[in-house]
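**Q** Protein chains in written order, with UniProt numbering: chain A, 1 to 496; chain B, 1 to 496; chain C, 1 to 148; chain D, 1 to 148.
Built from N, CA and C at the ideal position, the CB exists for glycine as well.
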């Protein structure tokens with residue numbers, strides 16, 4: 001049975017050895033040599049230090065292409081033309097499914113044809129030396145971004161390869177990403193990843209870990225995202241992680257977003273050990289984007305403005321081509337610069353918005369209830385408790401495809417555009433919190449002259465791509481907004 | 001000597017007859033036929049009614065090309081692809097200088113070669129029927145936007161041609177636009193324009209008038225812009241104007257912009273007669289833009305966000321190609337849609353920002369002092385007083401090229417990015433207001449470790465195009481920001 | 001033929017929002033719904049239909065591979081003696097194909113009704129009420145999209 | 001040769017921010033400044049230089065037509081027996097011309113110094129202090145741009 005206990009050193013080595021045999025490149029992942037390589041990196045490539053010492057929100061895009069030279073070019077472009085402060089390397093889907101053979105085929109095809117048949121950088125196939133070449137070739141620190149439930153071999157190779165930050169976590173890379181992965185098993189896999197990061201940390205290489213805050217990316221109530229971040233943070237620190245960046249995805253309501261980021265930081269500091277440095281990352285809107293670059297720039301602009309008010313440590317930017325999938329590098333750099341302009345024009349302004357503390361208090365109370373219920377279900381063990389709470393639906397994520405989650409929770413916006421809970425399932429929240437949500441949703445129902453129902457959910461899912469925040473009846477009804485490129489407006493975006 | 005008195009009807013007719021002889025198309029500008037044409041227009045083309053009854057900020061771009069068919073295409077495009085609620089027709093520079101012969105040559109060249117050698121639509125040369133064709137060919141109401149000190153013949157032709165809104169005013173189209181036009185004479189010319197609008201109004205055709213709020217477009221302290229708006233409003237209402245849209249150009253500080261728009265509306269309603277409907281228009285940033293569409297979209301995004309908070313009746317949008325001059329129609333529509341997305345995502349949110357009332361009070365007190373000083377200098381006559389106050393420098397506009405203004409006032413941003421006054425000249429403001437400005441500028445000087453000086457002005461003029469709000473030392477120092485297309489960053493944009 | 005409605009996203013598709021909303025709409029309308037979730041294989045649809053004596057099988061696909069994913073589904077349902085009505089809805093082809101051609105293709109595969117991604121869940125409810133000839137709780141017909 | 005500095009924007013150019021800032025810098029540095037403002041003709045520059053026994057004539061141009069606008073200026077200054085040093089600064093050519101070539105062109109026209117649009121006003125102050133051989137109030141040399 002899974003337990004929130006530190007993996008012993010010999011077991012870590014044993015598992016690592018086993019993993020390294022799974023693919024030929026594993027053999028090069030020597031821990032001592034890796035520590036030496038990390039030690040050779042200049043301070044400007046120390047991910048944790050750069051992020052934690054920044055005096056303004058740092059910007060980071062998403063980006064990954066199959067071939068090494070293309071990935072180097074892409075990252076250099078995003079540094080020089082986008083002004084990215086932190087760099088990503090997004091991993092391909094086959095690697096996320098641990099299908100290294102298929103990833104190899106895709107990489108070979110890409111090398112032969114020059115066409116990219118993979119949707120990311122297959123780091124395991126590239127191996128340790130290629131990763132080090134990548135890290136050496138750029139100026140900023142680089143993070144591995146992926147979506148892999150079992151990311152153990154990926155971590156072994158990429159951390160040995162000089163990456164100093166690793167995205168994901170057992171809940172956030174399982175519940176929103178897969179159907180059949182067992183949550184307890186995924187927790188064990190991530191305990192290995194975190195323990196490996198901890199081993200580097202013990203040797204002075206403080207690997208940054210970043211649980212994926214946006215979850216399903218679609219109207220996730222802030223308290224749910226925050227509770228998942230705290231639980232993943234607790235599991236990670238048990239294994240020795242000391243640099244944690246907790247994430248949150250923009251919902252589009254300014255007060256709620258600022259309140260949520262403050263709650264995330266506050267609860268992160270309250271729940272996680274004192275020797276762990278907690279930072280926060282704000283993801284620009286992860287739901288459906290308008291099928292129009294100009295309106296998409298507006299969504300990105302609101303993200304930048306919100307970041308200027310909330311001042312997270314990091315912002316993951318979107319591109320104006322979000323609607324059509326993977327953006328060109330030019331569009332990717334554009335998203336960075338639009339965000340940067342908003343932040344730099346606003347961040348020195350003293351803009352105090354009313355009501356943030358009240359919303360923050362509501363979010364914190366709800367998130368605490370979820371976290372403490374989960375821990376109680378494990379009799380004090382966060383790992384067991386997480387599994388049990390998801391099984392009972394006391395912890396739940398809306399629109400989760402995973403069989404490990406009840407996915408009974410349904411969110412809807414209130415009359416002010418804040419994300420509330422319409423269907424609770426068994427979610428473990430206090431009655432008075434439920435009442436607040438219900439009162440707010442009733443207000444909206446009255447405004448719209450309709451009953452509180454799942455129809456609001458459906459309307460809200462599409463609202464931003466239709467050019468609004470709230471899915472009011474009679475809007476977003478299929479009549480194309482100006483600039484619409486036609487085609488159905490996708491209400492869901494693939495998480496990360 | 002100019003006086004703020006209503007032009008008698010026979011003098012109006014006499015002057016109109018004289019003007020109509022100045023260019024052949026004048027002959028077709030028959031007042032009775034014009035009233036009939038206006039009466040034939042559907043309610044959706046009644047500019048004043050559409051604007052005054054809107055329940056959200058209406059969007060209007062700038063646009064003008066020489067040929068009629070091209071102008072029709074352009075406006076239809078901005079309606080359908082930009083979602084423009086109100087349409088413009090921007091007039092060419094020759095017409096602004098009353099050089100109808102040169103404008104004719106340019107129009108003939110454009111018709112022959114297909115190339116646009118004029119920078120706008122020469123409405124006088126096109127004549128009444130062409131204007132009516134234009135008005136008939138689009139769905140939204142259309143406004144004449146120009147920059148003409150002596151716009152009398154332009155008004156005679158375009159109002160007869162079915163336009164129902166006319167931008168400009170004797171101060172706002174003189175002081176920022178010209179060097180040698182005499183202010184008293186310009187006031188007389190605009191008294192004619194306003195009296196003509198009044199004549200239409202008396203016959204039920206309520207022509208909307210819109211004084212040009214941004215003035216020189218470069219860090220204009222809000223109180224100065226508002227005082228000019230009030231004085232132009234008073235002069236216009238004397239002549240019978242009953243629909244007035246007072247303007248204000250974004251300075252980029254959210255609190256100050258929202259406060260200024262509220263002060264503008266408040267003072268407009270306080271000073272102008274009860275039978276005049278006062279609305280407000282917010283111009284997105286009129287200063288230098290970043291030489292990069294992505295960062296320009298960020299500036300536009302802040303404009304949209306500010307409009308969502310301040311809720312003016314109308315927003316004049318900018319395009320992401322602002323830096324390079326006249327935008328393509330696609331870029332123009334993009335600016336509209338980026339602005340629309342921000343407004344529609346934010347306008348239903350209850351975002352209350354602290355400190356707006358305090359800033360508004362400061363702006364109102366300063367603007368009142370300027371207005372009342374001007375009126376006092378004319379012994380109660382706003383026309384004479386305006387001339388006298390500009391002559392003495394008690395009323396002044398920074399960076400004004402006109403010989404009629406002292407242009408001794410110099411603005412600079414304070415530590416929060418609000419526009420304050422660094423050099424006062426003879427500006428008629430209370431001592432305690434001066435002290436507030438000076439204290440705030442001293443704060444900034446301390447933050448920056450330099451003395452309060454004109455260097456701040458120079459730095460601030462370039463700051464937004466360099467990617468910041470405030471021109472701090474050590475920033476905007478010529479090192480290109482990401483996405484900079486090279487070339488000097490233009491700190492000044494031609495007004496309108 | 002029973003009354004249970006089987007619901008699922010076929011193939012490797014993980015778009016969950018659409019069927020979540022459809023499930024809510026059908027449940028609110030009084031149907032017994034068995035939601036198989038995302039990434040459901042043909043075999044899983046068939047065995048669920050068999051196990052529940054399904055009255056209807058509703059297939060969702062948003063990622064553009066519905067043609068391949070649905071191949072053989074109706075044959076297997078027939079082999080299992082399942083006489084459920086079958087609907088499919090979503091983005092049923094990659095790119096900007098002609099819709100009537102796409103719809104015809106899926107009707108030829110055996111689907112009784114074909115819905116596009118802009119379909120209102122209430123339209124699905126109404127169709128099921130007719131096709132299953134059942135009395136269920138009355139439902140409002142606000143337009144709601146199911147494109148995700 | 002006197003000490004007065006004549007300042008103006010030549011031709012039909014209406015860009016006023018740059019000379020406003022230069023005027024402030026020169027005044028702060030202790031110079032007597034005669035600012036002719038925007039849209040100043042060659043003749044106006046010459047008669048002002050004559051009237052004030054100018055020590056320096058500073059020409060600003062931001063709109064790209066400086067070559068045409070300055071043609072003949074130095075001949076007229078010579079005719080008026082004006083021995084003032086002459087500077088020009090701004091965007092001195094349309095488009096992305098080679099700067100050294102542009103600067104050379106204006107030196108050939110007779111300008112003693114040529115500044116680009118990125119020039120710090122303090123550089124102009126320092127140059128004037130050297131060229132006029134005068135003692136003026138010390139001035140800081142923070143970099144300030146004059147590109148508008």
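Let me check one thing: in DSSP terms, what residues is residue 413(A) bridge-paired to?
**A** 419(A)
**Q** Can you tell me whether residue 25(B) is buried or exposed, with buried defined as 16 or more other CB within 10 angstroms of its CB?
**A** buried
**Q** Which first and last residues belong to the beta strand (DSSP E) in which residue 60(A) is found?
**A** Taken as a continuous stretch (DSSP letters only), the beta strand (DSSP E) holding residue 60(A) covers 58-60.
**Q** With distances taken from CA atoms, which of 339(A), 94(A) and 197(A) is nearest residue 149(A)?
**A** 94(A)
**Q** For the putative contact between residue 545(B) and residue 310(B), defined by C-beta atoms under 8 Å, what is the C-beta separation to the nearest angstrom?
**A** It is not possible to answer for residue 545(B), since the shown part of chain B is limited to 1 through 496.
**Q** Report the residue ranges of all beta strand (DSSP E) runs contained in full by the region 212-265 of chain A; include only those spanning at least 3 residues, in chain order.
**A** Qualifying beta strand (DSSP E) stretches, in chain order: 243-249.
**Q** Are the region 26-40 of chain A and the region 157-164 of chain A in contact at 8 Å, needing three or more beta carbon pairs?
**A** The region 26-40 of chain A makes contact with the region 157-164 of chain A: 3 or more CB pairs, one atom from each, lie closer than 8 Å.
**Q** State yes or no: is the C-beta of residue 263(A) within less than 9 Å of the C-beta of residue 226(A)?
**A** Going by C-beta atoms, residue 263(A) is nearer than 9 Å to residue 226(A).
**Q** Verify the CB distance criterion: does residue 99(B) have a CB-CB separation below 9 Å to chain D?
**A** Chain D, which has no Cβ nearer than 9 Å to the Cβ of residue 99(B), makes this no.
**Q** Spatial neighbours of residue 127(A) within its chain, please: C-beta separation below 7 Å, excluding the five flanking residues on both sides.
**A** 25, 28 and 157
**Q** Counting contacts by CB-CB distance shorter than 9 Å, is residue 11(C) in contact with chain A?
**A** no
**Q** Buried or exposed: where does residue 11(B) fall if 16 or more other Cβ atoms within 10 Å of its Cβ makes it buried?
**A** exposed
**Q** Is it right to say residue 328(B) is buried, meaning 16 or more other beta carbons lie within 10 angstroms of its own, or is it exposed?
**A** exposed
**Q** Inspect the beta-carbon positions of residue 3(D) and residue 132(D) and report whether they are closer than 9 Å.
**A** Yes, the Cβ-Cβ distance between residue 3(D) and residue 132(D) is below 9 Å.
**Q** Measuring straight from C-alpha to C-alpha, what distance separates residue 101(C) and residue 461(A)?
**A** 29 Å
**Q** Closer than 8 Å is the cut-off here; do at least three beta carbon pairs connect the region 311-322 of chain A with the region 375-388 of chain B?
**A** Cβ pair count under 8 Å is below three, so no.
**Q** Is the beta carbon of residue 359(B) closer than 9 Å to that of residue 331(B)?
**A** If you check the CB distance, residue 331(B) and residue 359(B) do not come in under 9 Å.
**Q** On the three-state DSSP scale, how would you describe residue 121(D)?
**A** helix
**Q** By how many angstroms is the C-alpha of residue 246(A) removed from the C-alpha of residue 230(A)?
**A** 8 Å
**Q** Does the Cβ-Cβ distance between residue 242(A) and residue 198(A) come in under 9 Å?
**A** yes
**Q** List the DSSP bridge partners of residue 304(A).
**A** None; residue 304(A) has no bridge partner.
**Q** Apply the 10 Å Cβ neighbour rule to residue 352(A) and answer buried if 16 or more other Cβ atoms are within range, or exposed otherwise.
**A** exposed
**Q** What do you get for residue 98(D), buried or exposed, if any count of 16 or more other CB atoms within 10 angstroms of its CB means buried?
**A** Per the 10 Å Cβ criterion, exposed.
**Q** Pull up the CB-CB distance for residue 191(B) and residue 239(B), whole angstroms please, since I reckon it's below 8 Å.
**A** 6 Å
**Q** Name the chain B residues whose beta carbon is nearer than 9 Å to that of residue 290(A)?
**A** The contacting residues are 337 and 341.
**Q** Can you find a C-beta in chain D that's less than 9 Å from the C-beta of residue 530(B)?
**A** Residue 530(B) lies beyond the residue range present for chain B, which begins at 1 and ends at 496; the question has no answer from this structure.
**Q** Does the ligand NAD have even one heavy atom less than 8 Å from the beta-carbon of residue 387(B)?
**A** Ligands are entirely absent from the displayed structure, and the ligand NAD is therefore not among its contents.
**Q** From residue 84(A) to residue 6(A), what does the alpha carbon distance come to, in whole angstroms?
**A** Looking at the two C-alpha atoms, the distance is approximately 35 Å.
**Q** Between 69(B), 161(B) and 86(B), which has its C-alpha nearest residue 116(B)'s C-alpha?
**A** Residue 116(B) has its Cα closest to that of 69(B), out of 69(B), 161(B) and 86(B).
**Q** In chain A, which residues lie with their C-beta within 8 Å of the C-beta of residue 16(C)?
**A** 216, 399, 400, 401, 407 and 492
**Q** Please report whether the beta-carbon of residue 322(B) lies at a distance below 9 Å from any beta-carbon of chain G.
**A** As a matter of chain content, chain G is missing from the structure shown, whose protein chains are A, B, C and D.
**Q** Hey, residue 392(B) and residue 179(B) are a contact pair by Cβ (cut 8 Å); roughly how many whole angstroms apart?
**A** Not quite, the Cβ-Cβ distance comes to about 19 Å (not below 8 Å), so this is no contact.
**Q** I need the DSSP call for residue 9(A), collapsed to helix, strand or coil.
**A** helix
**Q** Could you name the residues of the region 301-317 of chain A whose beta carbon sits closer than 7 Å to any beta carbon of chain B, in the order they occur along the chain?
**A** 301, 302, 304 and 305
**Q** Is there a C-beta anywhere in chain D that falls below 9 Å from the one on residue 445(B)?
**A** no
**Q** Does DSSP put residue 348(B) in a helix, in a strand, or in coil?
**A** coil
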